[in-house]
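Listed in order, the protein sequences are those of chains A and B. Going by our numbering, the first sequence runs without a break in its numbering and finishes at 396. Going by our numbering, the second sequence runs without a break in its numbering and finishes at 557. Every residue, glycine too, gets a C-beta built ideally from N, C-alpha and C.
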Amino acid sequence: MININIKLTYVLFLVLTVSATGLAVELDLKEIGFPIETVDMHGFFSQGYIKSSDNDVIVGSKNGTFDLREFGVNFAGNVTEDIMLAAQLMGYTLDEQGDDKIGLHYGLIDWRIDDAIGIRAGRYRVATGLYNETRDVDMLRTSVFLPQTIYPEIYRDYFSACDGVSLYGTLNLSDLGYLQYQIGTGNVVAIESSSGDVGYNLSYFGVTDIEVDNAKSSNLQLLWETPLDGLRAGYTWRRIDAEMTLYDYIDGYDPLTGDPVRVDAPESQDNRANHVYSLEYMVDQLTLMYEYNLQRKDSIEQSTGWYIGANYEFNDKFSAGCYYTELDITDGNTNIIETDIHSYSIFAKYNITYSWLIKAQIDFNDGDGTSQWPAKKNPQNGGDSTMFSIKTTWAF
Amino acid sequence: MKKSLLVLLAIASCLIYFQSIALAEEVKPEQIVIVCHKSVPLTTIDKTTVEEIFLGRTTSVGEKKVKVNIATLKQGAVHESFVRNYVNKTANQFKNFWKKLVFSGKAKMPKAFNTEKELVEHVAKTEGSIGYIHIRTSKDKFVVNDSVKVLCINVKKKDIE
């Protein structure tokens, strides 16, 4: 993992200065003898505000916070017609996560042997569902947050990138459309979090410290672009195997005093697999989405999450949408024990200029939320809560 | 009552404003032609091939597998008509489609130009490049000359309905 501590202000200065032009930058390196003729540079900066009525639904939203921010810059250039180098440096803050520290988001060499087969090696974004690879890039969606039951913020880094190798390609199925595939393996990448070197912030769940070793990732994604224009269907399988030790975590609450009971857990295997089924239908300005996620831990079904949503582009400036999402705890045999979270969300986005946008979202949440909402900050989880978020993004 | 009317009026004004933004010069799909560098071994092109190229599914054409790289317009009626009728996306959807690839390290952004003249100049001097312009522009000898190839897009009637 590469982490470069650079003050946010310097990054802001760089990103805003370049984005002030509203244009992507093409660096001509031929004259200085660099093996790549030109390098394209793009970047973004987002700043948001969130406030929730009751629970800290995503982060420190109960009291309202501006700690909702992302910034990044990427470079890409061709060594030959078929070989490309690409890298992105990125930092973010989401309450206690991220802390504006800049890390290598991806950095890879991509050899596209043919349209049907290519290979990427290095740090690559891992596909999970339709939107995981680009979840950190706010401008690419209308909503402020993706549905949390499929794309939980607290596991954001843990599920996002991998150091390894991936094969990919697009198969032309003639009258049956196209099939895109990606298959890869490698080590889980954890960009900095408050818990140290692990990519998801278990401190939210009351853990003082956590140690994760030998975290291996395997993934497969199949995306079928059907003969019906705009309709695509996908399946993603992602498995992570890691050795995990939790220190000083909240094992429950004293029935008499209500104080948390803290214990250390011995090292254990954290073996989890996700199966995500996706459907997206884009017809004119309307996009309909449905995704279903089945999570198994140690081969036993643990939870299912799904959402259904729609997005409508009124014109090139204004778009709006909504989704309903639900997370269910299961008993290991596909039977739902309880609905942990369910929420309705509405959102809208306005493109102020070609490279500057503003968006807002309201989420109406209900449920216990024990699987995702920060227990440390919500010792008495549950009940209704409404969250409002607003965010603006510059990109070039 | 008065307050409700004011709110309704505000909402209606917003809707009219947003719709008015959408109203612009209309370019019919048959008014768009493909312009490509002489190295691109195509003499005809159909809608399927256009879509495959401009969505990055196909990166080479012809028996010798000549690499193609695409050139687009940034905005405007020609761009909107092209992406809507030949790529089945709105201009925003098309932009986001490529940005998703760029911001996940999977591709470089296609070259984008403010004017058709700039696009043609780029195509003329860049091997393997392919773009699109208004048929009216293709007949302007000050913009398009023998340094590029101009191809009409073969379209089945159902493709643009």
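As a quick exercise: from the options, pick the residue whose alpha carbon is nearest that of residue i.
i: residue 301 of chain A; options: A/54, A/160, A/275, A/264; result: A/275
i: residue 112 of chain A; options: A/325, A/156, A/105, A/121; result: A/121
i: residue 470 of chain B; options: B/546, B/494, B/539; result: B/494
i: residue 216 of chain A; options: A/146, A/235, A/244; result: A/244
i: residue 487 of chain B; options: B/526, B/437, B/473; result: B/473
i: residue 222 of chain A; options: A/38, A/127, A/283; result: A/127
i: residue 545 of chain B; options: B/463, B/434, B/452, B/453; result: B/434
i: residue 308 of chain A; options: A/180, A/315, A/150; result: A/150
i: residue 313 of chain A; options: A/179, A/287, A/99; result: A/287
i: residue 43 of chain A; options: A/87, A/337, A/80; result: A/87
i: residue 364 of chain A; options: A/68, A/357, A/346, A/350; result: A/346
i: residue 398 of chain A; options: B/463, B/527, B/421, B/503; result: This structure leaves residue 398 of chain A out entirely; chain A is present only between 1 and 396.
i: residue 247 of chain A; options: A/254, A/153, A/261, A/240; result: A/261
i: residue 453 of chain B; options: A/117, A/75, A/256; result: A/117
i: residue 224 of chain A; options: A/71, A/175, A/336; result: A/175
i: residue 537 of chain B; options: B/522, B/513, B/480; result: B/513
i: residue 356 of chain A; options: A/305, A/267, A/139; result: A/139
i: residue 136 of chain A; options: A/101, A/92, A/166; result: A/92
i: residue 524 of chain B; options: B/439, B/423, B/457, B/426; result: B/457
i: residue 281 of chain A; options: A/253, A/234, A/318, A/316; result: A/234
i: residue 336 of chain A; options: A/320, A/229, A/64, A/295; result: A/295
i: residue 184 of chain A; options: A/72, A/213, A/161; result: A/161
For residue i, which residues does DSSP report across the bridge?
i: residue 50 of chain A; result: A/65, A/389
i: residue 324 of chain A; result: A/308, A/344
i: residue 260 of chain A; result: A/253
i: residue 237 of chain A; result: A/220, A/275
i: residue 118 of chain A; result: A/112, A/168
i: residue 394 of chain A; result: A/45, A/356
i: residue 297 of chain A; result: A/272, A/300
i: residue 181 of chain A; result: A/169, A/222
i: residue 336 of chain A; result: A/330
i: residue 468 of chain B; result: B/508
If we define contact as Cβ-Cβ less than 8 Å, is residue i a contact residue for chain A?
i: residue 556 of chain B; result: Low confidence applies to residue 556 of chain B: its pLDDT is 48, below 50, so where it sits in the model is not reliable enough to give any reading.
i: residue 487 of chain B; result: yes
i: residue 359 of chain B; result: What is shown of chain B runs 397 to 557, which leaves residue 359 of chain B out entirely.
i: residue 450 of chain B; result: no
i: residue 501 of chain B; result: yes
i: residue 484 of chain B; result: yes
i: residue 412 of chain B; result: With a pLDDT of only 48 at residue 412 of chain B, under 50, the local geometry of the prediction cannot be trusted, and the value read off the model is given with reservation. Closer than 8 Å: no.
i: residue 446 of chain B; result: no
i: residue 510 of chain B; result: no
i: residue 453 of chain B; result: yes
i: residue 481 of chain B; result: no
Secondary structure at residue i, three-state DSSP: helix, strand or coil?
i: residue 78 of chain A; result: strand
i: residue 487 of chain B; result: helix
i: residue 534 of chain B; result: helix
i: residue 477 of chain B; result: helix
i: residue 6 of chain A; result: Confidence in residue 6 of chain A is poor, its pLDDT being 46 and thus under 50, which makes the residue's placement unreliable; the coordinate value appears in the next sentence. In the structure shown, residue 6 of chain A sits in coil (DSSP, three-state: anything other than H, G, I, E or B).
i: residue 288 of chain A; result: strand
i: residue 503 of chain B; result: coil
i: residue 493 of chain B; result: helix
i: residue 136 of chain A; result: coil
i: residue 551 of chain B; result: coil
i: residue 513 of chain B; result: helix
i: residue 397 of chain A; result: This structure gives no information on residue 397 of chain A, because the portion of chain A shown stretches from 1 to 396.
i: residue 151 of chain A; result: coil
i: residue 265 of chain A; result: coil
i: residue 520 of chain B; result: helix
i: residue 245 of chain A; result: strand
i: residue 93 of chain A; result: strand
Shorter than 8 Å from the beta carbon of residue i to some beta carbon of chain B?
i: residue 295 of chain A; result: no
i: residue 74 of chain A; result: yes
i: residue 282 of chain A; result: yes
i: residue 41 of chain A; result: no
i: residue 21 of chain A; result: Because the pLDDT at residue 21 of chain A is just 48, under 50, the model does not fix this residue reliably, and the value given afterwards should be weighed accordingly. No - not a single Cβ of chain B is within 8 Å of the one on residue 21 of chain A.
i: residue 129 of chain A; result: no
i: residue 179 of chain A; result: no
i: residue 199 of chain A; result: Its pLDDT being 41, under 50, residue 199 of chain A is placed unreliably by the model, and the measurement read from it follows with that caveat. With 8 Å as the cut-off, residue 199 of chain A does not count as an interface residue toward chain B.
i: residue 106 of chain A; result: yes
i: residue 112 of chain A; result: yes
i: residue 47 of chain A; result: no
i: residue 157 of chain A; result: no
i: residue 243 of chain A; result: no
Measure how close the beta-carbons of residue i and residue j come, nearest whole angstrom, since I'm counting them as under 8 Å.
i: residue 164 of chain A; j: residue 181 of chain A; result: In fact, because the Cβ distance is near 16 Å, the residues do not count as touching under 8 Å.
i: residue 178 of chain A; j: residue 501 of chain B; result: Not confirmed; about 21 Å, so no contact.
i: residue 431 of chain B; j: residue 516 of chain B; result: 6 Å
i: residue 291 of chain A; j: residue 278 of chain A; result: 5 Å
i: residue 358 of chain A; j: residue 330 of chain A; result: Actually they do not touch by this definition, with Cβ atoms about 39 Å apart.
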